[in-house]
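Colleague: Last residue of the sequence shown: number 2244 in our numbering, and the count goes up by one each step with no gaps.
Beta carbons: idealized from backbone N, C-alpha and C, even for Gly.
Sharing a structure, written as structure tokens. Questions coming.
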Amino acid sequence: MISHWRSRNFSLIRLIVNMAQQEQQRFVNRLANEKSSYLQQHAHNPVNWYAWSQEAFEKARQENKPIFLSIGYSTCHWCHVMEHESFENNEIAKILNDHFVSIKVDREERPDVDRVYMTYLQATKGGGGWPLSVWLTPQLQPFYAGTYFPPTNEHRYGSPGFKEILLNLNKAWSTKSNEIIDGSKDAIQQLTKAAEKQAASTENNPDLPANTSIQTCFAYFANDFDDDNGGFGTHPKFPQPVNFNFLLTHAALSHQAKGKPDVARLAIDMTQMTLKKMSLGGINDQLGKGFHRYSTDDRWHVPHFEKMLYDQGQLTVSLADTYAITKDELIGQTLQDLISYVERDLRHSKHGGFYCAEDADSLPTKNDTKKKEGAFYVWNYDELYKLLPEKHADIFCAYYQCKKNGNVDPMQDPHDELKHQNVLITNGNLQTIMEKFKLQNITEVKEILAKCHEILLAYRNENRPRPHRDEKFLASWNGLMISGLARAARVLQEPKYIQLAEQAITFIRTHLIDSSTKRLLRACYIDQKTNQIEYTESKVNGFLDDYAFIIQACIDLYEANLDDELLVFAYELQKQQDEYFWDTTKNRYFSTDGKDSSIILRLYEDQDGAEPSPNGISALNLLRLRHYFDDSSLDDRLRLIFKSYVGELNKIPMAMPTLIRCFDMYTHGINEIIIQSSNQAEIHRIIQYIQASYVPNTILIHMNKTNHKLLQYNQQLKSFMDENNKQTRIFLCRNFQCQLPVTSFEEFKKNFDPLILKYE
């Protein structure tokens, strides 16, 4: 009887599960065939989605329907919310299917599409964000835009309802489509004029930016700095590594010029304090490591929990440079922890490429069906005492400021997703913990905390569903991570980091260079079943940021391993970049190559943001390559870029810290170190000393019989070669003007030490 009852109930359970699965799988749209995980997430929406394609454009034109364009990315919290509320809603889906051609775009896969329509949104609404919701004419010209919309007017947040917007726009299109088309054409014309006006030609302008622009930029950051918590401005607080890069470079150059020592010290203090506060805060995953996207409060406590590769790569550089200057123990440990996280959780172990991101949202437990932001990372007070020995729990909760009712300010949790939860944060004061709990020494405190970390991390990994990981490989973001690894390898003298960077460059050259055109590609994907690399049906060529960041990565890695093949590869990519992206009228780089007719605006990326400006990084690349290659056109192009941006750099340099940093280095001058020696021990000692030092305006060339490739491109280097001379010779030059060579490490150190920025 019991067996029969169980059998019937198990059958009923299976039936319910099957019905639920069938309901979920009932709708299969075109996105099921896409490679992007963001597009695949929408493959079972009842919306008849198209990818960005001629098929979708033709349908809109043939049926004279407006296009609804939805742009987001797979780890976007509000993209998930809008999908659940609207795109899984059958009533809303029917309106979309009947009256619109709906297109989904992954902004990370197609930043060119995103940039055009985000520019329109910002121009018309004064703000932006994702999901980006735009309505277009069949000719791809926008006429209405917004971001997240609640499903109906009755819902929250005071925004108009998505359903009502669709009905109103359909009515407007049905009655006055000609007016809408005319208005959209005018909008695009205005945006085109605005872009052209912003990039006014400076071909006949003989002037470079004023040197005062550098001081203006520094003064802005000094004034905007949060003296209590680190960082700049108020919440939400973003890491902004580009600011650190400028500040540390300016500190080094001020030191070399024997200028104001207080400027150098303040620049270092601002950077060091911010990175330490971030390292101890909730923005840093205190157990699994890796930095979250941003902090919702001033003190780096409650983050938006997604983890992006571009943040990890840039912060690796900032941490490495700061450690090189300060030898701060916390900074050094955070640097190593960050790389360990990336290697463990964001790297494909076989191919060596780096994935895009991890989501902010996840299921709290394996039995839950609704995802919550931060669920993978936060801790309930009672849960901690259940998992840890009581005394250890007392110490852990005191150190990480955990409370019975949670430590999250309700102001930072408007949707009650973190109610009664604790986000780990500490001031790092081990002495206080030792005294409070009467422990023997600091070592005992560290051992107890390490044991707690081990227990909680194991529990988290075994019992909590991991956040979704976007397993795209983007050229640009891989470039940023390679640069971070190369810099860390130099500063810490860690061969493993060089190996990781070299494997990633090999991945780029193997899988993200088109075999037929030799052009850099934007992205590729992994098939987890076969472990094979895949591509979209029509491969997307690399954009300006892909070229700029990979070129930078090659130069950075060369400075770590001195493989001059990397410089040659960077130089070849630079020539491609110049061919496909250079604007001969405005003397700066376009973001796109102009070959895709569906991209109705060709724009520039000028200002730094979450990622550095590709024009700023390109300027740095030109500056550095000029000192490796005998090619004056590199310097000519760099000067044209400075002249092109003279207005912006003089007025708003703080918006372009990467380009200002380059200008600071350019005006100060570049140090060239050229080494010739057959004494391997002596070479290693000299190179190691140079690499571990922070002298950002310095390039290093090791001349020997094996690096013939660079000699083929730079005939001037041959004058430094003396194959008959077995003695070590070290040339220290500045802007191609060289001192007499020295022949020992001690002599070199005497000349080089005054250039090194130290602050311990």
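Secondary structure at residue 1715, three-state DSSP: helix, strand or coil?
Modeller: Residue 1715: coil per DSSP, three-state reduction.
Colleague: Would you call the region 2034–2047 in contact with the region 1961–1973, where contact means no fewer than 3 C-beta pairs closer than 8 Å?
Modeller: Flag = yes, the region 2034–2047 and the region 1961–1973 touch.
Colleague: What are the complete alpha helix (DSSP H) segments, minimum 4 residues, inside the region 1819–1907?
Modeller: You should have 1865–1871 and 1874–1883.
Colleague: Does DSSP classify residue 2047 as helix, strand or coil?
Modeller: Residue state, collapsed to three classes: coil.
Colleague: Is it a yes or a no for the region 1893–1907 touching the region 1786–1804, going by three-plus beta-carbon pairs under 8 Å?
Modeller: Flag = yes, the region 1893–1907 and the region 1786–1804 touch.
Colleague: Identify whether residue 1779 lies in helix, strand or coil by the three-state DSSP scheme.
Modeller: In the structure shown, residue 1779 sits in a strand (DSSP, three-state: E or B).
Colleague: Take the Cβ of residue 1739 as the centre, count every other Cβ of all protein chains shown within 10 Å, and call the residue buried at 16 or more, exposed below.
Modeller: By the 10 Å Cβ count, residue 1739 comes out buried.
Colleague: Taking three-plus beta-carbon pairs below 8 Å as touching, is the region 1923–1935 in contact with the region 1813–1820?
Modeller: These segments do not touch.
Colleague: If you count every other CB in all the chains shown that lies within 10 Å of the CB of residue 1589, and 16 or more means buried, which is it?
Modeller: Flag for residue 1589 reads buried.
Colleague: What is the residue span of the alpha helix (DSSP H) that residue 1784 lies within?
Modeller: It is not in any alpha helix (DSSP H) - residue 1784 carries neither H nor E in the DSSP assignment.
Colleague: Tell me which residues share the same chain as residue 2210 and place their Cβ nearer than 6 Å to its Cβ, disregarding the 5 neighbours each side in the sequence.
Modeller: Around residue 2210: 2162.
Colleague: Report all residues from its chain with a CB closer than 8 Å to the CB of residue 2148; omit the five preceding and five following residues, and keep chain order.
Modeller: Correct list, in chain order: 1698, 1730, 1733, 1734 and 1737.
Colleague: Can you tell me the Cα-Cα spacing of residue 2236 and residue 2045, whole angstroms?
Modeller: Those two C-alpha atoms are separated by around 20 Å.
Colleague: In this structure, does DSSP put residue 1626 in helix, strand or coil?
Modeller: In this structure, residue 1626 counts as strand in the three-state DSSP scheme.
Colleague: Helix, strand or coil for residue 2013 per DSSP?
Modeller: If DSSP states are grouped into helix, strand and coil, residue 2013 belongs with coil.
Colleague: I need the boundaries of the beta strand (DSSP E) containing residue 1590, first residue and last residue.
Modeller: Unbroken beta strand (DSSP E) run through residue 1590: 1585–1590.
Colleague: Near residue 1866, which residues of its chain fall below 7 Å by C-beta distance, leaving aside the five closest residues on each side in sequence?
Modeller: So the list is empty, once near-sequence residues are dropped.
Colleague: If you run the structure through DSSP and keep just helix, strand and coil, what is residue 1691?
Modeller: Reduced to three states, the DSSP call for residue 1691 is coil.
Colleague: Can you tell me whether DSSP reads residue 2022 as helix, strand or coil?
Modeller: Three-state DSSP puts residue 2022 in coil, outside helix and strand.
Colleague: Put residue 1704 into one of helix, strand or coil per three-state DSSP.
Modeller: Helix, per DSSP.
Colleague: In the DSSP assignment, what are the bridge partners of residue 1570?
Modeller: Its beta-bridge partners do not exist; DSSP assigns none.
Colleague: In three-state DSSP terms, what is residue 1975?
Modeller: Looking at residue 1975 - three-state DSSP - the assignment turns out to be helix.
Colleague: Give the secondary structure of residue 1738 by DSSP, where H, G and I count as helix, E and B as strand, and everything else as coil.
Modeller: Correct three-state label for residue 1738: helix.
Colleague: From 1519, 1512, 1511 and 1513, pick the residue whose C-alpha is nearest to that of residue 2018; which is it?
Modeller: When only C-alpha atoms are compared, the closest one is 1519.
Colleague: Hey, how far is the Cα of residue 1910 from the Cα of residue 1885?
Modeller: When rounded, the distance between both Cα atoms is 6 Å.
Colleague: Tell me the DSSP secondary structure of residue 1531 in three-state form.
Modeller: Note: residue 1531 maps to coil in three-state DSSP.
Colleague: How far does the alpha helix (DSSP H) with residue 1936 in it extend, from its first residue to its last?
Modeller: Its alpha helix (DSSP H) spans residues 1926–1947.
Colleague: Please classify residue 1562: is it buried, with 16 or more other beta-carbons within 10 angstroms of its beta-carbon, or exposed?
Modeller: Exposed, because fewer than 16 other Cβ atoms sit within 10 Å of the Cβ of residue 1562.
Colleague: On the three-pair Cβ rule with 8 Å, is the region 1831–1851 touching the region 1976–1994?
Modeller: Because the criterion of three Cβ pairs below 8 Å is met, the region 1831–1851 and the region 1976–1994 touch.
Colleague: Could you check whether the region 2056–2073 touches the region 1566–1574, counting it as contact only if at least three pairs of C-beta atoms, one from each stretch, sit closer than 8 Å?
Modeller: Flag = no, the region 2056–2073 and the region 1566–1574 do not touch.
Colleague: Can you have a look at residue 2224 and say buried or exposed, based on whether 16 or more other CB atoms are within 10 angstroms of its CB?
Modeller: Per the 10 Å Cβ criterion, exposed.
Colleague: With residue 2160 as the anchor, note down where its beta strand (DSSP E) starts and where it stops.
Modeller: 2155–2160 is the span of the beta strand (DSSP E), which, as asked, contains residue 2160.
Colleague: To the nearest angstrom, how far is the alpha carbon of residue 2076 from that of residue 1587?
Modeller: Cα to Cα, the separation comes out at about 21 Å.
Colleague: Pick from 1813, 2071 and 1535: whose alpha carbon is nearest that of residue 1514?
Modeller: When only C-alpha atoms are compared, the closest one is 1535.
Colleague: Mind checking residue 1746: buried by the 16 CB within 10 Å criterion, or exposed?
Modeller: The residue in question, residue 1746, is exposed, as its Cβ has fewer than 16 Cβ neighbours within 10 Å.
Colleague: So what does residue 2131 bridge to, in DSSP terms?
Modeller: According to DSSP, residue 2131 bridges with nothing at all.
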